[in-house]
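Worksheet for the structure shown next.
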Ligand SMILES: C[S@@+](CC[C@H](N)C(=O)[O-])C[C@H]1O[C@@H](n2cnc3c(N)ncnc32)[C@H](O)[C@@H]1O
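In the working numbering, the protein residues as written are 8 to 353.
This is the structure we're talking about:
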């Protein structure tokens, strides 16, 4: 993979293209199928031979085929049974069906034992509003009734991806912003926010495709002229430890009631131990006291989020039930991070 921030993809090799007869068996004619050439550089750069590459939205098995061609093991989830059959047949035609695990499921519904750990997650997300004409399935994200429900579905899937991804492994999602009706949805950027709450961003590549359409500045249709490959890692964040300790002291001095627990509390007892990636505090689930604390933090330059969504005060705590914690982050002009996880549920 070059060190450029873009990747020009000028043609799809007929050798690896989804064969026409398999395309014809798909209810959408395979129009959402990616290119093996699009995946290969990422497989080579972000995994080693023998590693396992996982695709939570396996589709026609393009990522899985790229992984197997490069001597990696492949595993994938796909909710559509017809597409699971297409993947099996496609890989078998290349003689690469062995070394592959296929799960007919949405990965967020899987127990740990059903989804063995993997070294790289590499995927193209399903697009909201694409008018799915295949079999109905409750977790089919192509069929999400609203954009918010669709983003929640993506969040749940990537939450599960995080649990299965090895420490240090990359999670790479390919996505473009989306035009639906007269509206442009910043899907690539919304997904980046979701991933940012789960992983550490490493960068992005822009994938550029050839296009025959005439140039027209007024035409901003989503037409896959380019897409973003968002590159994230599962790794411990480095936080500014003295600034975090100073924040906790300032909170106590300001009268905020909390209990420090977890890795920061352990590190304060044993500074030679593993440095913490955040400070965990427990607070009472009292909306007024929480409002006061969150306002206090926001007034000191912290952004407060819940699983990647911005949190505004006054709080409607009921809408955050089951999310367990708020995250308060402050990044200063040197890039130093102070991170506080405020747990309001056990
Ligand atoms: C963009 S396609 C992936 C295509 C794939 N990258 C390829 O080129 O072969 C997205 C796929 O996600 C599947 N999908 C949608 N929601 C899902 C879910 N919750 N879990 C697993 N698969 C899902 C769709 O059925 C679709 O096949």
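We put the CB at the ideal spot given by N, CA and C, even for glycine.
Count Cβ pairs between the stretch 230-240 and the stretch 197-216 that sit closer than 8 Å; are there 3 or more?
Segments in contact, yes.
Contacting residues, own chain, Cβ-Cβ under 7 Å from residue 241 (five flanking each side not counted):
As a position in the chain shown, residue 241 is number 234, starting the count at 1. Taken in chain order, the residues that qualify are 169, 172, 174, 175, 176, 178, 206.
Report yes or no: do three or more beta-carbon pairs, one from the stretch 26-33 and one from the stretch 50-64, lie closer than 8 Å?
They do not touch, by the three-pair rule.
Could you check if residue 147 belongs to the surroundings of ligand 1, using beta carbon to heavy atom distance under 7 Å?
Here residue 147 refers to the residue found at position 140 of the chain shown. The answer is yes for residue 147.
Taking the alpha helix (DSSP H) that residue 171 belongs to, which residues open and close that run?
Numbered from 1 along the chain shown, position 164 holds the residue referred to as residue 171. 154-171 is the span of the alpha helix (DSSP H), which, as asked, contains residue 171.
Which runs of the beta strand (DSSP E) at least 3 residues long sit entirely within the stretch 51-130? Give them in chain order.
Taken in chain order, the complete beta strand (DSSP E) segments of 3 or more residues contained in the stretch 51-130 are 59-62, 80-84, 107-110.
Please state whether the Cβ-Cβ distance between residue 146 and residue 136 is less than 8 Å.
Against the chain shown, residue 146 aligns to sequence position 139. Against the chain shown, residue 136 aligns to sequence position 129. Result no, Cβ atoms of residue 146 and residue 136 do not sit closer than 8 Å.
Beta-carbon separation (whole angstroms), residue 129 vs residue 70, contact threshold 8 Å:
Position 122 of the chain shown, counted from the start, is the residue given in the question as residue 129. Position 63 of the chain shown, counted from the start, is the residue given in the question as residue 70. That belief holds up - the Cβ atoms of residue 129 and residue 70 are roughly 5 Å apart, short of 8 Å.
Hey, would you say residue 318 sits closer than 8 Å to residue 301, going by beta carbons?
Reading the chain shown from its first residue, position 311 is the one you call residue 318. Reading the chain shown from its first residue, position 294 is the one you call residue 301. Contact flag set, yes.
Taking only the alpha-carbon atoms, compute the straight-line gap between residue 101 and residue 209 and give it to the nearest angstrom.
Sequence index remark: in the chain shown, residue 101 carries index 94 (1-based). Sequence index remark: in the chain shown, residue 209 carries index 202 (1-based). Note on geometry: alpha-carbon atoms of residue 101 and residue 209 lie some 33 Å from one another.
Any idea if residue 249 is buried or exposed, counting beta-carbon neighbours within 10 angstroms, 16 or more meaning buried?
For this step, residue 249 is matched to residue 242 along the chain shown. It counts as exposed.
Can you tell me where the beta strand (DSSP E) with residue 287 in it begins and where it stops?
As a working mapping, residue 287 is identified with position 280 in the chain shown. From DSSP, the beta strand (DSSP E) with residue 287 extends over 286-289.
For residue 218: DSSP bridge partner residues
Within the chain shown, numbered from 1, the residue matching residue 218 stands at position 211. In the DSSP output, where bridge partners are listed per residue, residue 218 has none listed.
In whole angstroms, what is the alpha-carbon distance linking residue 330 and residue 313?
Numbered from its first residue, the chain shown carries residue 330 at position 323. Numbered from its first residue, the chain shown carries residue 313 at position 306. Between residue 330 and residue 313, the C-alpha separation is close to 7 Å.
DSSP state of residue 296 mapped onto helix, strand, coil
On the chain shown, residue 296 is found 289 positions in, with the first residue counted as 1. In this structure, residue 296 counts as helix in the three-state DSSP scheme.
Unbroken beta strand (DSSP E) run spanning residue 206, endpoints:
For this step, residue 206 is matched to residue 199 along the chain shown. Boundaries cannot be given for residue 206, as no beta strand (DSSP E) includes it and DSSP labels it neither H nor E.
Any heavy atom of ligand 1 closer than 7 Å to the Cβ of residue 291?
The sequence position of residue 291 within the chain shown is 284, counting from 1. The answer is no for residue 291.
Shortest alpha-carbon distance to residue 108 belongs to which of 321, 197, 62?
The residue you call residue 108 lines up with position 101 of the chain shown. Measuring from the Cα of residue 108, the nearest candidate turns out to be 62.
Cα-Cα separation, residue 78 to residue 47
Sequence index remark: in the chain shown, residue 78 carries index 71 (1-based). Sequence index remark: in the chain shown, residue 47 carries index 40 (1-based). Whole-angstrom Cα-Cα distance: 11 Å.
Give me the Cα-Cα distance between residue 11 and residue 99, rounded to the nearest whole angstrom.
For the purposes of this step, residue 11 is identified with residue 4 of the chain shown, where counting begins at 1. For the purposes of this step, residue 99 is identified with residue 92 of the chain shown, where counting begins at 1. Straight across, the Cα-Cα distance linking residue 11 with residue 99 is about 34 Å.
Measure from the alpha carbon of residue 340 to the alpha carbon of each residue in 13, 232, 308, then state which is nearest.
Within the chain shown, residue 340 is the residue found at index 333, counting from 1. Its Cα nearest to that of residue 340, the residue 308 stands out among 13, 232, 308.
Would you mind stating whether residue 104 and residue 95 have Cβ atoms separated by less than 8 Å?
Mapped onto the chain shown, residue 104 falls at position 97. Mapped onto the chain shown, residue 95 falls at position 88. Against a cut-off of 8 Å, the Cβ pair of residue 95 and residue 104 comes out as a contact.
Could you check whether residue 35 and residue 141 sit closer than 8 Å to each other, using their CB atoms as the reference points?
On the chain shown, position 134 is the one that residue 141 refers to. On the chain shown, position 28 is the one that residue 35 refers to. At a Cβ-Cβ threshold of 8 Å, residue 141 and residue 35 count as neighbours.
Residue 243 versus residue 346 - alpha carbon distance
Taking the first residue of the chain shown as position 1, residue 243 is located at position 236. Taking the first residue of the chain shown as position 1, residue 346 is located at position 339. In a straight line, the C-alpha of residue 243 is about 12 Å away from that of residue 346.
So for residue 336, helix, strand or coil by DSSP?
As a working mapping, residue 336 is identified with position 329 in the chain shown. Residue 336: strand per DSSP, three-state reduction.
Among 283, 126, 117, 111, whose alpha-carbon lies nearest the alpha-carbon of residue 81?
Taking the first residue of the chain shown as 1, we reach residue 81 at position 74. For residue 81, the closest C-alpha among the options 283, 126, 117, 111 is that of 126.
Buried or exposed for residue 287, please, with buried defined as at least 16 other CB atoms from any protein chain shown within 10 angstroms of its CB.
Residue numbering aside, residue 287 sits at position 280 when the chain shown is read from its first letter. Residue 287 should be labelled buried.
Cβ neighbour criterion (16 or more within 10 Å) applied to residue 310
Residue 310 sits at position 303 when you count from the first residue of the chain shown. Exposed, because fewer than 16 other Cβ atoms sit within 10 Å of the Cβ of residue 310.
By DSSP's criteria, residue 274 is part of a beta bridge. Which residues make up the other side?
Along the chain shown, read from residue 1 onward, the residue named residue 274 stands at position 267. Per DSSP, none; premise fails for residue 274.
Compute every distance between the C-beta of residue 165 and the non-hydrogen atoms of ligand 1, then say whether any falls below 7 Å.
The residue given as residue 165 occupies position 158 in the chain shown. Not so, every heavy atom of ligand 1 lies at least 7 Å from the Cβ.
Could you tell me the alpha carbon to alpha carbon distance between residue 281 and residue 274, rounded to whole angstroms?
The residue given as residue 281 occupies position 274 in the chain shown. The residue given as residue 274 occupies position 267 in the chain shown. A straight-line Cα-Cα distance of about 7 Å links residue 281 and residue 274.
Is any non-hydrogen atom of ligand 1 found closer than 7 Å to the C-beta of residue 44, if you look at the structure I gave you?
Position 37 of the chain shown, counted from the start, is the residue given in the question as residue 44. Every heavy atom of ligand 1 is 7 Å or more from the Cβ of residue 44, so no.
Return the first residue and the last residue of the alpha helix (DSSP H) that residue 259 is part of.
The sequence position of residue 259 within the chain shown is 252, counting from 1. Start and end: 248-260.
To the nearest angstrom, how far is the alpha carbon of residue 338 from that of residue 18?
By 1-based counting over the chain shown, the position of residue 338 is 331. By 1-based counting over the chain shown, the position of residue 18 is 11. Taking the straight line joining both Cα atoms gives about 42 Å.
For residue 33, which of helix, strand or coil comes out of DSSP?
Along the chain shown, read from residue 1 onward, the residue named residue 33 stands at position 26. Residue state for residue 33 is assigned as coil, using DSSP reduced to three classes.
Name the residue from 344, 336, 203, 190 whose alpha carbon lies nearest to the alpha carbon of residue 306.
Within the chain shown, the letter at position 299 stands for residue 306. Minimum Cα-Cα distance from residue 306 among the listed residues 344, 336, 203, 190 corresponds to 336.
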